[in-house]
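Below is one structure, written out as structure tokens, with a few remarks after it.
Number of protein chains: 2
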Amino acid sequence: MACPLCAEDGGALVWRGDRLRVIRAQEVGFPAFYRVVWNAHVAEFSDLTAAERAHCMQAVAVVEQALRQHLSPTKINLAALGNMVPHLHWHVIARFDWDSHFPAPVWAAAQRPSPAAREATLHARLPALENGLRLQLAALAAA
Amino acid sequence: MACPLCAEDGGALVWRGDRLRVIRAQEVGFPAFYRVVWNAHVAEFSDLTAAERAHCMQAVAVVEQALRQHLSPTKINLAALGNMVPHLHWHVIARFDWDSHFPAPVWAAAQRPSPAAREATLHARLPALENGLRLQLAALAAA
Numbered sequence: 037m038a039c040p041l042c043a044e045d046g047g048a049l050v051w052r053g054d055r056l057r058v059i060r061a062q063e064v065g066f067p068a069f070y071r072v073v074w075n076a077h078v079a080e081f082s083d084l085t086a087a088e089r090a091h092c093m094q095a096v097a098v099v100e101q102a103l104r105q106h107l108s109p110t111k112i113n114l115a116a117l118g119n120m121v122p123h124l125h126w127h128v129i130a131r132f133d134w135d136s137h138f139p140a141p142v143w144a145a146a147q148r149p150s151p152a153a154r155e156a157t158l159h160a161r162l163p164a165l166e167n168g169l170r171l172q173l174a175a176l177a178a179a
Numbered sequence: 037m038a039c040p041l042c043a044e045d046g047g048a049l050v051w052r053g054d055r056l057r058v059i060r061a062q063e064v065g066f067p068a069f070y071r072v073v074w075n076a077h078v079a080e081f082s083d084l085t086a087a088e089r090a091h092c093m094q095a096v097a098v099v100e101q102a103l104r105q106h107l108s109p110t111k112i113n114l115a116a117l118g119n120m121v122p123h124l125h126w127h128v129i130a131r132f133d134w135d136s137h138f139p140a141p142v143w144a145a146a147q148r149p150s151p152a153a154r155e156a157t158l159h160a161r162l163p164a165l166e167n168g169l170r171l172q173l174a175a176l177a178a179a
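Protein chains in written order, with the working numbering: chain A, 37 to 179; chain B, 37 to 179.
What follows is the structure, encoded as structure tokens:
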């Protein structure tokens with residue numbers, strides 16, 4: 037069975053470099069849910085070399101900082117799971133105390149409806165956030 | 037309200053260094069569930085300096101590699117959530133295709149009972165795993 041993260045971007049492409057790409061997840065009810073996807077097919081974080089791991093986590097930190105700066109979330113959630121798609125990808129999720137699952141993980145049962153107006157307010161901030169991200173990720177790749 | 041990860045180890049202490057500690061989680065139904073806890077109270081991964089983040093993730097990779105080497109899991113799950121306890125801690129979880137939740141995240145609903153015999157087999161391997169971990173974490177801290 038073909039790996040979906042080898043076959044496709046895996047979401048709305050924000051930026052792509054030689055080693056990794058950043059996409060916005062589109063299939064879930066969280067407006068600020070990004071993924072850092074390692075381009076090469078490796079299953080586990082420790083399949084990367086130490087230098088690759090450091091680079092990967094610098095990109096994760098860049099995305100986290102952009103979410104904090106632009107959206108002031110209650111909390112950031114980071115995760116590399118891959119049980120369904122064992123191709124290394126880091127979930128970087130801005131969480132809010134009003135979101136549908138907070139304080140539970142996004143993979144648990146929803147606790148309340150997601151307020152559409154607040155989601156729309158966040159969504160309007162994503163273009164500026166993503167423009168900033170592209171600049172920072174390009175700078176990181178060139179460093 | 038006092039932070040529980042400032043007040044206590046947060047689980048069975050495996051190793052403690054100046055910057056971080058590793059504990060085995062005891063409150064969940066997964067036999068190989070560890071946490072890398074940053075000793076100082078910071079909420080987010082990006083509250084650390086770049087050097088601190090690199091050190092933290094090297095420790096996460098050491099734990100991941102020990103789990104892979106000793107237990108040959110189906111997958112490793114890594115996560116830093118902290119919605120309930122906003123003190124930086126990394127979950128490092130060995131997942132097996134027979135475990136109670138696989139392939140769902142451990143925070144989703146259980147899919148089947150957890151097989152006690154298989155859990156016991158894993159549990160018997162943890163002392164050797166943790167002895168190895170202590171040596172490697174000490175070496176990392178001294179590097």
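Quick reminder that beta carbons are idealized off the backbone N, C-alpha and C, glycines included.
Task: Closer than 9 Å to chain A by CB, B/Pro122 - done: yes
Task: Three-state secondary structure (DSSP) of A/Phe66 - done: coil
Open item on the list: Considering just the uninterrupted stretch of the alpha helix (DSSP H) at B/Val96, what are its terminal residues?
Closed with: Ala86 to Leu107
TODO: Compare the Cα-Cα distances from A/Cys42 to each of A/Ala79, A/Trp51 and A/Arg60 and report the closest residue.
DONE: A/Ala79
Open item on the list: Residues of the segment 77 to 106 of chain A in Cβ contact with chain B at a cutoff of 8 Å, in chain order, please.
Closed with: Ala79, Glu80, Phe81, Ser82, Ala86, Arg89, Ala90, Met93, Gln94, Val96, Ala97, Glu100, Gln101 and Arg104
Open item on the list: Determine whether the beta carbon atoms of A/His127 and A/Ala61 lie at a separation below 9 Å.
Closed with: yes
Open item on the list: Between which two residues does the beta strand (DSSP E) holding A/Ala130 run?
Closed with: His125 to Arg131
TODO: Report the option in B/His123, B/Trp74, B/Phe66 and B/Phe81 whose CA atom is closest to the CA atom of B/Arg148.
DONE: B/Phe66
Open item on the list: Measuring straight from C-alpha to C-alpha, what distance separates A/Phe81 and B/Ala130?
Closed with: 13 Å
Task: Rounded distance between the beta-carbons of B/Thr110 and B/Phe138, thought under 8 Å - done: 7 Å
Open item on the list: Going by DSSP in three states, A/Leu176 sits in which element: helix, strand or coil?
Closed with: helix
- [ ] Could you tell me which chain A residues have their CB closer than 8 Å to the CB of B/Pro139, listed as they occur along the chain?
- [x] Asn119 and Met120
Open item on the list: Suppose you measure from the CA of B/Val58 to the CA of A/Gln172; what does that come to, to the nearest Å?
Closed with: 32 Å
- [ ] Count the other CB atoms, across all protein chains shown, that sit within 10 Å of the CB of A/Asn113; report buried if there are 16 or more and exposed otherwise.
- [x] buried
Task: Beta-carbon spacing of A/His91, A/Leu176 below 9 Å - done: yes
Open item on the list: Please identify the residue among A/Asp45, A/Asn119 and A/Gln101 whose C-alpha is closest to the C-alpha of A/Leu165.
Closed with: A/Gln101
- [ ] Can you grab the Cα-Cα spacing for the pair B/Ala140 / B/Ala160, in whole Å?
- [x] 25 Å
Open item on the list: Can you tell me whether B/Asp135 is buried or exposed? The criterion is at least 16 other CB atoms within 10 Å of its CB, across all chains shown.
Closed with: buried
TODO: Ignore the nearest five residues each way along the sequence and tell me which others in A/Ser150's own chain have a CB closer than 7 Å to its CB.
DONE: Gly65, Asp135 and Ser136
TODO: Would you identify the three-state DSSP class for A/Asn167, choosing helix, strand or coil?
DONE: helix
- [ ] Kindly indicate if chain B contains any beta-carbon less than 9 Å away from that of A/Leu56.
- [x] no
- [ ] Given a cut-off of 9 Å, decide if B/His125 and B/Trp51 are closer than it, judged by their beta-carbon atoms.
- [x] no
Task: Contact set for B/Gly47: own chain, Cβ-Cβ below 7 Å, skip 5 residues either direction - done: Ile59, Arg60, Ala61, Gln62 and Arg71
- [ ] Have a look at the DSSP bridge pairing and note the partners of A/Val73.
- [x] A/Arg57 and A/His125
Task: CB-CB length for A/Ala144 against B/Ala144, believed under 8 Å - done: 6 Å
Task: Inter-residue Cα distance where the pair is B/Pro122 and A/Ala156 - done: 26 Å
TODO: Reducing DSSP to helix, strand and coil, say where B/Ala26 ends up.
DONE: Residue 26 of chain B lies beyond the residue range present for chain B, which begins at 37 and ends at 179; the question has no answer from this structure.
- [ ] Give the straight-line distance between the Cα atoms of B/Leu49 and A/Met93, rounded to the nearest whole angstrom.
- [x] 26 Å
Open item on the list: If you reduce the DSSP assignment to three classes, tell me which class B/Leu114 lands in.
Closed with: strand
Task: A/Ala48 - partner residues in DSSP beta bridges - done: A/Arg60
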